[in-house]
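These protein sequences, in sequence, are chains D and H. Just so it is clear: in the first sequence, position 30 is 30 by our numbering, and no numbers are missing. Just so it is clear: in the second sequence, position 21 is 1021 by our numbering, and no numbers are missing. A virtual CB, placed ideally from N, CA and C, is assigned to each residue, including glycine. Below is one structure, written out as structure tokens, with a few remarks after it.
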Amino acid sequence: MDTQWPRYEVFKQDRPGEPHESVGTVHAVDAEMALQNGRDLFARRPKCHSLWVARADAITSKTAEQLAADDAWQADIDLEAPTETYLVFQKQTERRGMTFTTHVGEVEASSPAHALQQAITTFPAEQVFVWWVCPATAVTRSEEADTLPMFAPAKDKLFRLPNQYRTVFTMQKIKRGKDVIE
Amino acid sequence: MYGQETDPDYPTKLAEFEARIARGEKIEPGDWMPERYRKQLIRMISQHAHSEVVGMLPEGAWITRAPNLRRKQVLLAKVQDEGGHGQYLYHAAETLGATREEMLQALLTGQAKYSSIFNYPTVTWSDMGAIGWLVDGAAIMNQTMLAQCSYGPYSRAMVRICAEEGFHKKQGQEMIIQYAQGTPEQKAMAQDSINRFWWPTLMMFGPHDSASANSDELIRWGIKTKTNDQLRQEFVNELVPLLHALGLQVPDPDLHYDEETGNWISGEINWDEFWQVVKGNGPMNAARLQARQEAHDNGRWVREALAAYGERHP
């Protein structure tokens, strides 16, 4: 049996007002299951307010290297065609971190290539290492009403946090105690 | 995207690629990379994923026997995390064109390797402490290095895993500290766990640098930034003083402190044992694979249900 189900990118928002950031992918047969799997995988710890999922094949991705290589991706942009809303994401830093791209806003565009072109002019930044655009219709979002049942259970699982263990302090105390005895 | 050595542009592209890594840039899916780089990463990441998944077994066996509710909650959460880590890593490997199906198949048929440490049995409760402190502690040293890795998806998975492993290590250390200061029986139990897990933990860092076939290339391409022996030394230097402070013995008669370098020098590792376990002849190799196979078979109805649901709701 083939269980190589579609991959969904998962975007997590830690607190209201902060941007959604891509945290990784899950396999799922549909978006609802992708949200559930995303919750199990990326919200085991207290910090999660909202999740989005989007099928990986609905996302158009270009690295800075790919954009520098050639302009061929811009060739077929049809400015007359009807437009729809696209979400724009950027990888903004090479610093070590656990998230990839960050949601920066929306553009109206007639195709992924058009959306990318719009994104580059609308959201300029000193350096963008990777651009993602994705039609808004391809994104499924957890609802405000889901926040409690989906994310609240992790909030009181403080034992999952390393700072709940006072091992460093205890070891220091033990060492000091020993010094006194010796 | 994946550079072959037969490509006439290969040397130029390779030079650019290596310059990017030297500048500290991350290689992302879509970027040019040598085919060898891709292969090495798939090998490492999938082995790593398998280790997380098989690593659930020795600890999972003790969930029902945890001595109190808090320890049970903690152990459940830890084992669940390891399953999650396997997921992060399988997905990182998928960005390089590997499929989850073929990776799982390689694990179940015994073609793929996983960390040899999980082929040792867990025979007492305090083994949960020793695994958390020693085994996860050693894994964190390796993973902190891999968090600097030049490949973006692997690096990010490692940063996330390290953050979560911090909890795993500390809950284990907390247990050993407690038992070392407890009743004579508890202290003896903790010492026995350290005795059995010390050497297999040192083996986790892999063969000596002189015998490690892949090291040079992995370091040049920024996949690893430290050698097996460097990491092993860091681990020994961190652990030995702490174990001594707790009044626990390190089961190595040749262990000594070198004033000049400030290092704790270990005796020689039993490499015959290491290779025997790697080759599948460790005490638990067969049992681990059998348990994995049974879990896979028992999960079949879930996969079938999901597939049927997927067909009805495309």
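With DSSP collapsed to three states, give me the class of residue i.
i, result
"residue 161 of chain D", "coil"
"residue 1114 of chain H", "coil"
"residue 74 of chain D", "helix"
"residue 79 of chain D", "coil"
"residue 175 of chain D", "helix"
"residue 105 of chain D", "strand"
"residue 20 of chain D", "coil"
"residue 38 of chain D", "helix"
"residue 181 of chain D", "Any reading at residue 181 of chain D needs caution, since the residue's pLDDT is 48, under 50, leaving its predicted position unreliable; the model's value is listed next. Helix, per DSSP."
"residue 95 of chain D", "coil"
"residue 62 of chain D", "strand"
"residue 130 of chain D", "strand"
"residue 1084 of chain H", "helix"
"residue 1183 of chain H", "coil"
"residue 1096 of chain H", "coil"
"residue 1125 of chain H", "coil"
"residue 150 of chain D", "helix"
"residue 1120 of chain H", "coil"
"residue 1201 of chain H", "helix"
"residue 1017 of chain H", "helix"
"residue 1193 of chain H", "helix"
"residue 112 of chain D", "helix"
"residue 1305 of chain H", "helix"
Could you tell me if residue i is buried or exposed, where buried requires 16 or more neighbouring beta carbons within 10 angstroms of its beta carbon?
i, result
"residue 1115 of chain H", "buried"
"residue 1075 of chain H", "buried"
"residue 1268 of chain H", "exposed"
"residue 1133 of chain H", "buried"
"residue 95 of chain D", "exposed"
"residue 25 of chain D", "buried"
"residue 62 of chain D", "buried"
"residue 181 of chain D", "Summary for residue 181 of chain D: the model assigns pLDDT 48, below 50, so the residue's position carries little reliability, and this model does not support an answer."
"residue 1087 of chain H", "buried"
"residue 1152 of chain H", "buried"
"residue 1285 of chain H", "buried"
"residue 1022 of chain H", "exposed"
"residue 1039 of chain H", "exposed"
"residue 11 of chain D", "buried"
"residue 964 of chain H", "The first residue shown for chain H is 1001 and the last is 1314, placing residue 964 of chain H beyond what the model contains."
"residue 1125 of chain H", "buried"
"residue 124 of chain D", "exposed"
"residue 1136 of chain H", "buried"
"residue 1103 of chain H", "buried"
"residue 160 of chain D", "buried"
DSSP has residue i in a bridge; who is on the other side?
i, result
"residue 43 of chain D", "DSSP output for residue 43 of chain D lists no bridge partner at all."
"residue 135 of chain D", "D:86"
"residue 51 of chain D", "D:12"
"residue 7 of chain D", "D:27"
"residue 140 of chain D", "D:53"
"residue 1003 of chain H", "H:1034"
"residue 120 of chain D", "Paired residue(s): none; residue 120 of chain D is not in a bridge."
"residue 1027 of chain H", "H:1151"
Using 8 Å for Cβ pairs, my map puts residue i next to residue j. What's the rounded Cβ distance?
i, j, result
"residue 87 of chain D", "residue 48 of chain D", "At roughly 19 Å, the Cβ-Cβ gap does not stay under 8 Å, so residue 87 of chain D and residue 48 of chain D are not in contact."
"residue 1198 of chain H", "residue 1251 of chain H", "5 Å"
"residue 1292 of chain H", "residue 98 of chain D", "Wrong, their Cβ atoms sit about 28 Å apart, outside the cutoff."
"residue 1017 of chain H", "residue 1029 of chain H", "Rounded, the Cβ-Cβ distance is 14 Å, inconsistent with contact."
"residue 1200 of chain H", "residue 1228 of chain H", "That pair is no contact at about 15 Å."
"residue 1170 of chain H", "residue 162 of chain D", "5 Å"
"residue 1218 of chain H", "residue 1141 of chain H", "With a Cβ gap of about 16 Å, residue 1218 of chain H and residue 1141 of chain H do not count as contacting."
"residue 1175 of chain H", "residue 1129 of chain H", "3 Å"
"residue 34 of chain D", "residue 139 of chain D", "With a Cβ gap of about 11 Å, residue 34 of chain D and residue 139 of chain D do not count as contacting."
"residue 45 of chain D", "residue 27 of chain D", "22 Å between Cβ atoms; not a contact."
"residue 1107 of chain H", "residue 1180 of chain H", "With a Cβ gap of about 36 Å, residue 1107 of chain H and residue 1180 of chain H do not count as contacting."
"residue 4 of chain D", "residue 1101 of chain H", "5 Å"
"residue 1161 of chain H", "residue 1044 of chain H", "Contact flag wrong, Cβ pair sits at about 14 Å."
"residue 1248 of chain H", "residue 1266 of chain H", "Not quite, the Cβ-Cβ distance comes to about 16 Å (not below 8 Å), so this is no contact."
"residue 1154 of chain H", "residue 1041 of chain H", "6 Å"
"residue 1143 of chain H", "residue 1164 of chain H", "Going by Cβ atoms, the distance from residue 1143 of chain H to residue 1164 of chain H rounds to 10 Å, so no, they are not a contact pair."
Between residue i and the ligand COA, is there a pair consisting of the residue's CB and a ligand heavy atom that are separated by less than 7 Å?
i, result
"residue 72 of chain D", "Among the components of this structure there are no ligands whatsoever, and the ligand COA is therefore not found."
Every unbroken beta strand (DSSP E) within the stretch 1209 to 1285 of chain H, with a cutoff of 3 residues, ordered by chain: 1256 to 1258 and 1263 to 1265
Report the start-end ranges of each alpha helix (DSSP H) in the stretch 1140 to 1171 of chain H that is 4 residues or longer and not cut off at the edges. none
Length at least 3, wholly inside the stretch 1035 to 1067 of chain H: the beta strand (DSSP E) runs in chain order: If we require 3 residues or more, the stretch 1035 to 1067 of chain H turns out to have no beta strand (DSSP E) run fully inside it.
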